[in-house]
Structures are given as C-alpha cells and as structure tokens.
Amino acid sequence: HALADVVVLTSDNPRREDPAAIARAVREGAVGEGARWLEEPDRRKAIALALTEADANDVVVVAGKGHETTQTIGTETRELDDAAVVRELLA
C-alpha cells in the first residue's frame with residue numbers, strides 16, 4: 025500500500041466473524057503510510073468504489089478471492105465472482 029494512493033478494504037469470506045473487525049485488523053497490521061484507506065464491507069460495492077476512485081491511468085488490484093466464485097457470510101454462501109463483477113461494472 026505504500027505504492028497505493030487509495031486502499032479499499034472489504035470482506036472475503038467472513039463467515040461468522042465481524043467484517044469490520046477483520047478490516048480493522050488488516051489495517052492495523054499494514055505497514056507504511058500515505059494511502060487513503062476506505063472500508064466497504066460489501067465486496068461488490070467495494071469493487072465499485074475502487075473502480076470509481078481510480079483515474080484513467082491507475083491500476084486497480086482486486087485481491088483476496090482468486091479463483092473462488094462464491095462468498096460465505098454467516099452460514100450463507102452466495103455467488104460472487106470478482107472478475108465478473110469488474111467486467112460488469114466496466115461495461
């Protein structure tokens with residue numbers, strides 16, 4: 025993140041953990057300063073926020089889920105494909 029202007033923290037598969045608590049722990053464990061930190065627990069909204077914050081020549085990295093196409097919140101597993109969300113939002 026020392027090379028980032030903006031960092032958007034969101035949830036991955038929080039299951040029964042509090043997504044806000046996870047984001048706080050990630051932020052506290054991060055090294056470096058300078059980036060503007062935004063938190064959006066809804067992963068789809070966080071991707072949209074990251075794309076909205078980006079300028080024309082910026083690079084947006086969506087990390088954490090890799091090849092997974094579902095997200096588990098509580099005991100519910102729902103479809104969520106990061107790559108498909110990015111394609112949809114950029115269309």
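Numbering (the numbering used here), first residue to last: 25 to 115.
Note that the Cβ used here is the ideal one computed from N, Cα and C, for glycine as well.
Let me know the secondary structure DSSP gives Glu76 once reduced to three states.
-> Contrary to the premise, residue 76 reads as Thr rather than Glu in this sequence. Reduced to three states, the DSSP call for Thr76 is helix.
**Request:** Assign Asp106 to one of two classes, buried (16 or more other C-beta atoms within 10 Å of its C-beta) or exposed (fewer than that).
**Result:** The residue is buried, with at least 16 neighbouring Cβ atoms inside 10 Å.
Report task. Look at the alpha carbon of Ala28 and the alpha carbon of Ala59, and state the distance between them as a whole number of angstroms. Result -> 6 Å
Worksheet item: What's the C-alpha gap between Ala78 and Val50?
Response: Using only the alpha carbons, I get a separation of about 22 Å.
Contact between the stretch 58-75 and the stretch 29-38: three or more CB pairs below 8 Å? Flag = yes, the stretch 58-75 and the stretch 29-38 touch.
Hey, could you find the ends of the alpha helix (DSSP H) Glu52 is sitting in?
Pro43 to Gly53
Margin query: Please report the straight-line C-alpha distance between Ser35 and Lys89, rounded to a whole angstrom.
Written below: About 10 Å.
| Three-state secondary structure (DSSP) at Val84? | DSSP, read as helix, strand or coil, puts Val84 in coil.
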